[in-house]
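Just below is one structure, and these are the notes that go with it.
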Amino acid sequence: MKYDFDFLEDYSKNYNVTIKREGNIFFEISLDQDVTIRFQNAENEKDSLIAFVNSEWHCHNDIIFSGKNGYYTSLNYIDFILEIIDGNILICSSYAAGELKDVYPVHKDYFDEFDYMEFGEELRIKKLKIENIR
2 MKYDFDFLED YSKNYNVTIK REGNIFFEIS LDQDVTIRFQ NAENEKDSLI
52 AFVNSEWHCH NDIIFSGKNG YYTSLNYIDF ILEIIDGNIL ICSSYAAGEL
102 KDVYPVHKDY FDEFDYMEFG EELRIKKLKI ENIR
């Protein structure tokens, strides 16, 4: 999938976020001082991805969130951004021995992260405040 950077740029201008764009190769949205999402187009569309900068988490297509009861939701990249703005997608930071290990999105209605925690692991979950400035 190729991401529409023109749409992302135009849409992002409505919110208190910082954007950075390099042609049609990558587009970044800094949602706060700790969280930046990168959309990266690749020559082979299957290699295009969404990722958090300075994190291992990434996705090559729709983002899927699943819950304990077997229900799930699948979001395209535009809906992913809308859900973050609406406060339905939260940012989870995973720590072990006080050291940051990963940052990834969690959906408030489809959350099973506690089932996968290891002993000594700490999760910090942040709801971002993204305001409409227009």
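Under this note's numbering, the sequence shown has 47 at position 46, and the numbering climbs by one with no breaks. Idealized CB from N, CA, C, for every residue including glycine. Treat the numbers as computed from the prediction; the structure is a model and nothing was measured.
Inset, instruction - Can you tell me which of the three DSSP states Lys47 falls into? - result: helix
Legend entry - 7 Å Cβ cutoff met for Asn17 and Arg135: no
Inset, instruction - Would you identify the three-state DSSP class for Glu119, choosing helix, strand or coil? - result: coil
Legend entry - Span separating the alpha-carbon of Ile92 from that of Lys3: 24 Å
Inset, instruction - Assuming Thr37 contacts Phe53 (C-beta within less than 8 Å), just tell me the rounded distance between them. - result: 7 Å
Legend entry - Helix, strand or coil at Ile126 according to DSSP, with G and I counted as helix: strand
Inset, instruction - Go through its chain and collect everything with a Cβ distance to Asp110's Cβ below 6 Å, but skip five positions before and after it. - result: none
Inset, instruction - Assign His108 to buried or exposed, taking buried as 16 or more other Cβ atoms, counted over all protein chains shown, within 10 Å of its Cβ. - result: buried
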